[in-house]
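Asks: Below: one structure in structure tokens.
Numbering (this note's numbering), first residue to last: -4 to 490.
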């Protein structure tokens, strides 16, 4: 009698659910995914472009297949599952869509891409319900590794790599003098460039290490410890790698490890580090536990029962997605026209802002160079704040000092540079977004978003003035400030 009551209760609970193999469920899910692609098409296109053009983020192509494979590993349970859609994901989806509107207006690519992945995870949660979403939380969260982010850590990683290199050189008794990112030894000088920061190793190690911890360990504390291990090991290893390159060059009298071969050494060393990480992690692996299967007979019987109305809850997200799409289309944009673009400006300090609506570059008899780039908000190609745009050539110049000044109640940033052979250069720059002035990329983005959503100014600018060959920092600051105050930058463009 007790068994019959228990069975009846289970049947009552599952009668309001859809089988995971139900065609209606997959039709509903397909419609939502199609709507998601339409709404986030710009973010998805930008993400794929970065995957295809940056070796650092080429692993992005593999993230979705890996997540699908992780779910398919549990196919015995997955194919027997029943879904009960959850409303808990709906308010979070609304918030994610608002973030996308803001990111789109401000041209913040990484934020828009994070919103795209977040909305995808929330849509899946909305469809499959709390129980299954929790069961497959790792495959869903692993999707965030597809978002190309982390390059803002490069300056910090360069400093850490330089510190480790100098530490090991001194430990080994090799004479060394360090000046910022420049490392001088008796046989030559080295620079800890962007490629030497180890960002590729770090991102790849964390992505692979996180997957390894999920597949190898059951205990949460072991997973967390291994992820921390995967995060710290490549940083230490990259410091040792950089030291090894300098040491090889020192002992070989600069015959080896000074050209492309040091990159080859780097990747071989990184491969060994990954193998070492797996080897160490394998000693602490947990025994594989077999998950109990569901009662096929009960699920098969319940599949014939009626489906309650709340299984259509996921369709509530469809109007939200469509509303977001129409709001996106209502945001005004500026078309990049060929006749508005001046001749490509080539500065001697390497400032570069691509695909500007208008660009100007001048140099006077005193050697003062002036650069200005104007962008339309939501331009069809190009944007003011993007990683390709730089205020100087980071491969050639090293920042000696920088400080913020205030000219006419408007902020400007003063930057002092030096080349590897000691040539000095300094420059001032600021962003102008409508009537707002700033030297902060983040503030410029925020104001661009506000101007787009509030239908205010359609244009933003980068303004910069530079002077080379002056070692006296006080004098060069005075000359640049005077030139910046006297120069008349072009105003907002009009159609």
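Yeah, the Cβ is synthetic: ideal placement off N, Cα and C, and Gly gets one too.
Taking the alpha helix (DSSP H) that residue 308 falls in, what are its first and last residues?
Replies: Note, residue 308: premise wrong, no alpha helix (DSSP H); not H, not E.
Asks: Would a C-beta distance cut-off of 9 Å place residue 272 and residue 224 closer than the cut-off?
Replies: In contact: residue 272 and residue 224 (Cβ atoms closer than 9 Å).
Asks: If you draw a straight line from the C-alpha of residue 295 to the C-alpha of residue 117, how long is it?
Replies: Note that residue 295 scores 43 on pLDDT, short of 50, meaning its location in the model is unreliable; the coordinates nonetheless yield the value given after this. So the two alpha carbons sit approximately 28 Å from each other.
Asks: What residue range does the beta strand (DSSP E) around residue 183 cover?
Replies: Unbroken beta strand (DSSP E) run through residue 183: 183 to 186.
Asks: Is the beta carbon of residue 130 less than 9 Å from the beta carbon of residue 193?
Replies: Going by C-beta atoms, residue 130 is not nearer than 9 Å to residue 193.
Asks: Using C-beta distances below 7 Å, list every residue in its chain close to residue 509, excluding the 5 sequence neighbours before and after it, in chain order.
Replies: Any property of residue 509 remains undetermined from this structure, which presents the chain solely from -4 to 490.
Asks: Taking a contact to mean a Cβ-Cβ separation below 9 Å, would you say residue 38 touches residue 100 in this structure?
Replies: Cβ distance not < 9 Å, so residue 38 and residue 100 don't count as in contact.
Asks: Have a look at the DSSP bridge pairing and note the partners of residue 179.
Replies: According to DSSP, residue 179 bridges with 172, 184.
Asks: Just to confirm my understanding: we take residue 424, look at its own chain, exclude 5 residues before and 5 after, and list those with CB closer than 6 Å. What are they?
Replies: Hits under 6 Å: 386, 408, 459.
Asks: Beta-carbon within less than 8 Å of residue 412's beta-carbon, same chain only, minus the 5 sequence neighbours each way: which residues are those?
Replies: These residues qualify, in order along the chain: 344, 387, 392, 393, 394, 395, 419, 420, 421, 422.
Asks: Does the beta-carbon distance from residue 176 to residue 15 come in below 9 Å?
Replies: Cβ atoms of residue 176 and residue 15: not closer than 9 Å.
Asks: How many Å lie between residue 19 and residue 309 at the Cα?
Replies: Straight-line Cα distance between these residues: approximately 12 Å.
Asks: Compute the Euclidean distance between the alpha carbons of residue 234 and residue 137, then round it to the nearest angstrom.
Replies: Approximately 28 Å between the Cα atoms of the pair.
Asks: When the distance is taken between beta carbons, is residue 377 closer than 9 Å to residue 355?
Replies: Going by C-beta atoms, residue 355 is not nearer than 9 Å to residue 377.
Asks: Any idea what DSSP makes of residue 150, helix, strand or coil?
Replies: Residue state, collapsed to three classes: helix.
Asks: Assuming residue 365 contacts residue 357 under a Cβ cut-off of 8 Å, what Cβ separation, rounded to an integer in Å, is found between them?
Replies: About 5 Å; that satisfies the 8 Å criterion.
Asks: With burial defined as no fewer than 16 other Cβ atoms inside 10 Å of the residue's Cβ, what is the status of residue 199: buried or exposed?
Replies: Residue 199 comes out buried.
Asks: Do residue 31 and residue 143 have their C-beta atoms closer together than 9 Å?
Replies: No, the Cβ-Cβ distance between residue 31 and residue 143 is not below 9 Å.
Asks: From residue 307 to residue 124, what distance separates their C-alpha atoms?
Replies: Their Cα atoms are separated by approximately 12 Å.
Asks: Report yes if the C-beta distance between residue 465 and residue 443 is below 9 Å; otherwise report no.
Replies: Taking 9 Å as the Cβ cut-off, residue 465 and residue 443 do not qualify as a contacting pair.
Asks: What first and last residue would you give for the beta strand (DSSP E) that runs through residue 421?
Replies: 419 to 428 is the span of the beta strand (DSSP E), which, as asked, contains residue 421.
Asks: What does the alpha-carbon distance come out to for the pair residue 171 and residue 244?
Replies: Cα to Cα, residue 171 sits roughly 13 Å from residue 244.
Asks: If you count every other CB in all the chains shown that lies within 10 Å of the CB of residue 300, and 16 or more means buried, which is it?
Replies: With a pLDDT of only 39 at residue 300, under the threshold of 50, the placement of this residue in the model should not be trusted; the figure read from the coordinates follows. Its Cβ having fewer than 16 others within 10 Å, residue 300 is exposed.
Asks: Terminal residues of the continuous alpha helix (DSSP H) containing residue 209?
Replies: Run containing residue 209: 194 to 211, per the alpha helix (DSSP H) assignment.
Asks: Starting from the Cα of residue 268, find the closest Cα among 240, 315, 196 and give me that residue.
Replies: Nearest option by C-alpha distance: 196.
Asks: Buried or exposed for residue 453, please, with buried defined as at least 16 other CB atoms from any protein chain shown within 10 angstroms of its CB.
Replies: Burial call: buried.
Asks: Taking 7 Å as the limit between beta carbons, can you name the residues of its chain near residue 92, skipping five residues before and five after?
Replies: So the qualifying residues of the chain are 114, 315, 319.
Asks: Looking at residue 238: is its Cβ nearer than 9 Å to the Cβ of residue 159?
Replies: Result yes, Cβ atoms of residue 238 and residue 159 sit closer than 9 Å.
Asks: In this structure, what does DSSP give as the bridge partners for residue 347?
Replies: DSSP lists 385 as partners of residue 347.
Asks: Which residue wins for smallest C-alpha separation from residue 399, given the options 432, 382, 372, 201?
Replies: Comparing Cα-Cα distances from residue 399 to each of 432, 382, 372, 201, the minimum goes to 432.
Asks: How is the alpha helix (DSSP H) around residue 91 delimited, first residue to last?
Replies: 84 to 101 is the span of the alpha helix (DSSP H), which, as asked, contains residue 91.
Asks: Is it buried or exposed for residue 70, if we count other Cβ within 10 angstroms and need 16 for buried?
Replies: Classification of residue 70: exposed, given that the 10 Å Cβ count is below 16.
Asks: Taking C-alpha atoms, which residue in 415, 134, 112, 473 lies nearest to residue 65?
Replies: Taking only the C-alpha atoms, the option nearest residue 65 is 134.
Asks: Thinking C-alpha only, which one of 384, 449, 479 is nearest residue 403?
Replies: Minimum Cα distance to residue 403 is reached at 479.
Asks: Are the Cβ atoms of residue 141 and residue 187 separated by less than 9 Å?
Replies: Not a contact, by the Cβ cut-off of 9 Å.
Asks: Excluding the five sequence neighbours on either side, which residues of its own chain have a C-beta within less than 8 Å of the C-beta of residue 67, listed in chain order?
Replies: Counting only Cβ-Cβ distances below 8 Å, and skipping sequence neighbours, we find 73.
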